[in-house]
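For reference, the structure discussed in these notes is given below.
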Amino acid sequence: MDLDYDTLVAFSKSWGLFYLMGFFLCVVVYAFWPSNRKHFTRAKTSILDQDDKPWR
Amino acid sequence: MPELFHRKLERSAIGFVLAIIAAASVGGIVEIAPLFTIDETVEEAPDMRVYTPLELAGRNIYVREGCYACHSQMIRTLRDEVERYGPYSLAVESKYDRPMLWGSKRTGPDLARIGGKYSDAWHVAHLINPRDVVPESNMPAYGFLGRTALRTDELADHLRVQKTLGVPYTDEMVENAARDAYGQAAPDSDFAAGVTERYGDATEMSAFDGVATQLTEMDALVAYLQVLGRLTEAAYQNTVAPQEAPDPND
Amino acid sequence: MIAKLTSSERQTAVVIVLLVAIAGIAMAAAGRNAPLGVHGLVVILFAGALLYSLLSAFYAPEPTEEREESYYDDPIKVGIVLAMAWALFGMFMGVWIAAQLAWPNLVFDAAWSTFGRLRPTHTTGVIFGFGGNALIATSFHVVQRTSRARLAGQISPWFVLFGFNLFCVLAVSGYLIGITQSKEYAEPEWYADLWLVVVWVTYFLLYIRTLARRKEPHIYVANWYFMAFILVVAILHIVNNLALPISWGSAKSYTIWPGVQDAMVQWWYGHNAVAFFLTAGFLGMLYYYLPVRAGRPIFSYRLSILSFWGITFFYMWAGSHHLHYTALPQWVQTLGMTFSVMLLVPSWASAGNALLTLNGAWHKVRDDATLRFMMAAAVFYGISTFEGSFLAIRPVNALSHYTDWTVGHVHAGALGWVALISFGSIYTLVPSLWKRERMYSPALIEWHFWLAIAGTLVYVFAMWNSGILQGLMWRTYTEEGSLAYSFLDTLVAMYPYYIARTLGGFLFFAGTAIGCYNIWMTIRLVPATVVSEADLPATRAAPAGE
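Residue numbers (this note's numbering), protein chains in the order written: chain A, 1 to 56; chain B, 57 to 306; chain C, 307 to 852.
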């Protein structure tokens, strides 16, 4: 292991940032993907059902 | 079909778990991983000595009583702190500290360099009842320390584990742990010579609570307080000047 | 308690409790007179009490109905009662130690009653005892309702609940007899930490297996927050508590992290305990109970997703802002500061999302104190996250660090956000769980609300004043260029604020006591609702995707 302190710091400062941006992109794509809209609409209204039994 | 459907659902739950781990672990790894190689950048302190068994026992009393809740041991690199408490703390100074006791709150003053500033007698009186010495103090009284005998039978175990974790205690130090604890608080006894031999001439030998015949928790805690900031001289040499406190009007 | 268990499950439960008791006996034998031995006794007593309640109902009739036809609510009920009991204990300790700072002689002449030992009983009591039990109970409720599936286990929910409470009891009793690692918010020693790992893994498996049984295709966002809470707390807990005991017969251990690494690991843990214990889990409550109580869906589901990933990602980087101007390398401090400021975006997105959900339901907020609890919680969440980002900026931190400002910030979050959202959720939950038509007294909920708000404000304002004042006094110079005030001068200036803070804490505590009474009377006295046909599933549409 010839990882020294400066290499690790440089790695953290560069790849950490790329990772952050990539992650952000994935999340935005997921949140705004058109076919997910109906799942989201259903999820947010279905918790308001007056229903107190598990579904079989 | 329902079978397949079910499996797909399960997969999405597990995928979700993995995504959380991926998102959450990176920050920690990126910040903490480089610190394992920090030895390369930390200041050198060849003169640094380890805690004696008595000082370590005192440190464990400090830990047990939760003193860190009100006293920090970390002087920041700000001018007013340096003028109030002494040279700012270096990373190397806590390299044997498990756990570190940097603290997060100063209901009482910082203790990083309290060692040697007050006499043993002052510390003992102050711990027995802080308001006898400092009338405005709101610190609890720790009189029970002087009434409690120090447990020395486990000290060798303490040193052995510290040694396993990388603190440079020698086998001889481990073997003599209990004896050295007595010796440090009884400077006139036969045990005293071994302490200076193993831990150096700078070790403070004293009947800390004023009674050399009995080893109490008070002895240990005062021994620890008196060594705070004095394990190495590194902080007094070659360090850059502290920063001015930022002006809020800037 | 075990009426819903079959006889073979009851046997398994007895075996588990016996195993715990044996572990307790082993601890007592190994520790003898030392603190570990005392803890062995505590474990034996805890297991004994459970064993007694198990055996006394052992031969009660087995459940006859099909259990999968109903949700598993018994552990939730016990969890809520335990949460309120811990709230009373933890907040009482808080008031006591606050008073000790103003009147230092409010102690007994014994080691256990000093500030240093009592302070962690307060923090553990409220964070883990009250907060933890409230999280476990509400997460069991939310995961079942949003998945429309019963919990995936009969014994494991009880194991998680009582196992966690055993951890809390070990923690709090340990501080009193001098067992602590002195790692802030991670004080319990190695054996309690190991036990918590077992409990937590069970909790995780139970939760993910219940999610896997869900009948809804999409996992509702509240579960995301609970899931992140469970997962990340496990990671944090394990990494921060890695330690070597000095022997198997001793409670004392040494952490494997020395000095500066320990500091970074500790505040990575400490800050993310705030993020994932005190924020993520309670946001899970917010995203379920607030819409349900208001009768309106969450304002923007997409926003809740974006802020979820924002919080999960950013928080992990922010811990080092606890170590500004210390011996930690400067780049780590800067990174921590940057991410702390960025955190404001997802945090305010969550708070805004909650408040916008209430748009159109403000008349309900006016009339319903329970909903108002949750509204106020969202507001305090917004305020304290802003304050948090602000305090993470290095020059600001230079002033605020080590002072009461930090304490005030923590309490703005803990009282104003965590406790208020918990009370709102619990007041929503209690009538529906116990099948009561309403709470015993709406007027007492109003009292609780206003006492809580008044207490929080008094407390936070006192700490803002004392913190900023002390921070400024520490750095004031005279004309001649020397420090103007001794440390003692600055302490003397704190006394009026310490008295005010004790008063604020007491008001909050009084509100909690009223809440406990109200909940107790609801369970005991309020008539049950008549189950009508309308309560049966109305929208039994097949889930999409089938």
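C-beta: ideal position from N, C-alpha, C; glycine also.
Do the segment 577-589 of chain C and the segment 621-628 of chain C make contact, defined as three or more Cβ pairs closer than 8 Å? yes
Is it right to say C/Trp668 is buried, meaning 16 or more other beta carbons lie within 10 angstroms of its own, or is it exposed? exposed
Assign C/Arg425 to buried or exposed, taking buried as 16 or more other Cβ atoms, counted over all protein chains shown, within 10 Å of its Cβ. buried
So what does DSSP say about C/Ile328, is it helix, strand or coil? helix
Spatial neighbours of C/Gly893 within its chain, please: C-beta separation below 6 Å, excluding the five flanking residues on both sides. Any property of residue 893 of chain C remains undetermined from this structure, which presents chain C solely from 307 to 852.
Would you please state the rounded distance, in angstroms, between the beta carbons of C/Met397 and C/Phe755? I believe it to be under 8 Å. Contact between C/Met397 and C/Phe755 is ruled out by a C-beta separation of about 16 Å, above the 8 Å threshold.
Kindly give me the distance between the Cβ atoms of C/Glu522 and C/Ser453, rounded to whole angstroms, as I take these residues to be in contact under 8 Å. 6 Å
Mind pulling the chain C residues with CB within less than 9 Å of B/Asn194? Gln406, Leu407, Ala408, Trp409, Pro410, Phe421, Leu797, Met800, Tyr801, Tyr804
Compare the Cα-Cα distances from C/Met779 to each of C/Met800, C/Leu661, C/Phe535, C/Tyr491 and report the closest residue. C/Met800
Please give the ranges of any alpha helix (DSSP H) in the segment 672-701 of chain C, keeping only runs that are unbroken, at least 4 residues long and fully inside the region. 675-697
Spell out whether any CB of chain A is found under 7 Å from the CB atom of C/Pro494. no
Determine which residues of the segment 167-183 of chain B have a Cβ less than 9 Å from any Cβ of chain C, and write them out in chain order. none
DSSP puts B/Lys161 in a beta bridge; with which residues? Looking at the DSSP assignment, B/Lys161 forms a beta bridge with C/Tyr708.
Residues in the same chain with beta-carbon distance under 8 Å from C/Val507, minus the five sequence neighbours each way, listed in chain order, please. Ala540
C-alpha distance - B/Ile76 paired with C/Thr818, whole-angstrom precision: 35 Å
Compare the Cα-Cα distances from A/Val28 to each of C/His628, C/Leu739, C/Tyr607 and report the closest residue. C/Tyr607
Under 8 Å, with one C-beta from each stretch per pair, do the segment 767-784 of chain C and the segment 700-711 of chain C reach the 3-pair mark? yes
Considering only C-alpha positions, which residue in the set B/Asp209, B/Val217, B/Glu253, B/Gly71 is nearest to B/Asp153? B/Val217
Just to confirm my understanding: we take C/Ser313, look at its own chain, exclude 5 residues before and 5 after, and list those with CB closer than 7 Å. What are they? Glu368
Within 10 Å of its beta-carbon, does A/Trp15 have 16 or more other beta-carbons around it, so buried, or fewer, so exposed? exposed
Quick one, which residues of the segment 361-376 of chain C are near chain A if we go by CB-CB under 7 Å, in chain order? Glu374, Glu375, Ser376
Proximity below 7 Å, CB of B/Ala279 to CB of B/Leu157: At least 7 Å separates the beta-carbon of B/Ala279 from that of B/Leu157.
What residues in the segment 589-611 of chain C bring their beta carbon closer than 7 Å to a beta carbon of chain A? Tyr594, Pro597, Val598, Gly601, Pro603, Ile604, Tyr607, Arg608, Ile611
Is it buried or exposed for C/Arg866, if we count other Cβ within 10 angstroms and need 16 for buried? This structure gives no information on residue 866 of chain C, because the portion of chain C shown stretches from 307 to 852.
Contact criterion: CB-CB distance below 7 Å. Does B/Phe72 meet it with respect to chain A? No, because no Cβ of chain A sits closer than 7 Å to the Cβ of B/Phe72.
One or two residues paired with C/Arg742 in a DSSP bridge: Bridge partners of C/Arg742: C/Ala834.
Indicate whether C/Ile714 and C/Trp770 have their beta-carbon atoms separated by less than 7 Å. The question names Ile, but residue 714 of chain C in the sequence shown is Gly. Cβ atoms of C/Gly714 and C/Trp770: closer than 7 Å.
Kindly indicate which residue of C/Ser419, C/Ile382, C/Phe436, C/Arg423 has the alpha-carbon position closest to the one of C/Leu395. A small correction: the amino acid at residue 395 of chain C is Phe; Leu does not occupy that position in the sequence shown. Nearest option by C-alpha distance: C/Phe436.
Comparing alpha-carbon positions, which option in B/Ala69, B/Thr252, B/Tyr124 lies nearest C/Arg423? Of B/Ala69, B/Thr252, B/Tyr124, the residue nearest in Cα terms is B/Tyr124.
By how many angstroms is the C-alpha of C/Ser728 removed from the C-alpha of C/Thr762? The alpha-carbon atoms of C/Thr762 and C/Ser728 are separated by roughly 15 Å.
State yes or no: is the C-beta of A/His39 nearer than 6 Å to some heavy atom of the ligand SAH? Among the components of this structure there are no ligands whatsoever, and the ligand SAH is therefore not found.
To the nearest angstrom, how far is the alpha carbon of C/Ala586 from that of C/Phe686? When only Cα atoms are considered, C/Ala586 and C/Phe686 end up about 15 Å apart.
Who are the near neighbours of C/Ile461 in its chain, counting only those whose CB is closer than 8 Å to its CB and skipping five residues on each side? Leu311, Glu315, Thr318, Ala319, Ile322
Is there at least one Cβ from chain B nearer than 7 Å to A/Gly16's Cβ? yes
Can you find the residues in the same chain that come closer than 8 Å, C-beta to C-beta, to C/Val598, ignoring five residues on each side of it along the sequence? Thr734
Contacts that A/Phe23 makes with chain B (C-beta to C-beta distance below 7 Å): Ala79
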